[in-house]
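Numbering (my numbering), first residue to last: 1 to 251.
All remarks here apply to the structure that follows.
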């Protein structure tokens, strides 16, 4: 450890000054007014301070590495359904969920109107986005996103998961009613029947998960008039007029 000291004839401040004789031991030819780097003894607790500093640096690096790993882990699940435990639940407020290694927030506007939450309850949610912050990953989840419905079909309907049945479009009014347009990618496959399941077991599992939300499965058709007729089933429109200019239809 060194301290820069001024060469003086008579030392008044030992921390900042050194005599000519002592200065010449440090630097040959040192004269009055010169500055020399004088060796200073280490404080008795220098080793302990250095060890504590090194420990703090290592811990900081470990925390940063853990944050990065958590962010990467959850970022890979963006667009997936994940399961969490409700930590904090108040009607009309943001819900906090424990995802195991991180927390997620379910804002009020991302909740379905018919959902009810209680502390300790396990809930499935759609992972919308993950953002890296100094405090760890900030995870936004949803129960009202239309892609949650799509993911539930992929979980409950093997034909959708395998790509034999394709979901072409979803119109969702979360908590009330949804319409899902499907088509088959292989001949001989009934896309609507595959999604409904035997005695409605597949669609019922999805309805139960969404707390009774009514879900209609309709056949997709490249012909817009036919598709609109299918989508309005069981009602039968007398006339369908397409307005190509603004992509609307009069029924």
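Yeah, the Cβ is synthetic: ideal placement off N, Cα and C, and Gly gets one too.
Taking Cβ positions, are residue i and residue j nearer each other than 8 Å?
i	j	result
residue 140	residue 209	no
residue 18	residue 27	no
residue 166	residue 182	yes
residue 157	residue 199	no
residue 175	residue 112	yes
residue 118	residue 108	no
residue 70	residue 101	yes
residue 164	residue 189	yes
residue 211	residue 147	no
Taking 8 Å as the CB-CB limit, is residue i close to chain B?
i	result
residue 112	Considering every chain present, this structure includes no chain B. It has just one protein chain.
Considering only C-alpha positions, which residue in the set the options is nearest to residue i?
i	options	result
residue 95	73, 124, 67 and 79	124
residue 121	165, 129, 50 and 98	98
residue 14	34, 38 and 32	38
residue 29	7, 78, 53 and 161	7
residue 87	78, 72, 103 and 35	103
residue 36	127, 58 and 21	21
residue 77	3, 131 and 48	131
Assign residue i to one of three DSSP states: helix, strand, or coil.
i	result
residue 4	strand
residue 137	strand
residue 96	strand
residue 182	strand
residue 237	For residue 237, the predicted model reports a pLDDT of 47, less than 50, meaning its position is unreliable; a value from the coordinates is still stated below. Three-state DSSP puts residue 237 in coil, outside helix and strand.
residue 146	helix
residue 202	helix
residue 218	strand
residue 157	coil
residue 84	strand
residue 19	strand
Where does residue i land, buried or exposed, given buried means 16+ other C-beta within 10 angstroms?
i	result
residue 62	exposed
residue 129	exposed
residue 193	exposed
residue 159	buried
residue 83	exposed
residue 217	buried
residue 143	buried
residue 161	exposed
residue 9	exposed
residue 66	exposed
residue 3	exposed
CA-CA distance, residue i and residue j?
i	j	result
residue 32	residue 16	14 Å
residue 206	residue 155	9 Å
residue 204	residue 214	10 Å
residue 221	residue 169	11 Å
residue 172	residue 105	22 Å
residue 137	residue 74	8 Å
residue 184	residue 56	59 Å
residue 186	residue 219	14 Å
residue 23	residue 12	15 Å
residue 249	residue 223	At residue 249, the pLDDT of 43 sits below 50, so the modelled position is not reliable; the number obtained from the coordinates is stated separately. Cα to Cα, the separation comes out at about 13 Å.
residue 52	residue 134	23 Å
residue 85	residue 191	34 Å
residue 25	residue 34	13 Å
residue 50	residue 68	27 Å
residue 127	residue 48	46 Å
residue 178	residue 58	52 Å
residue 253	residue 110	Residue 253 is absent from the model: the chain starts at 1 and stops at 251.
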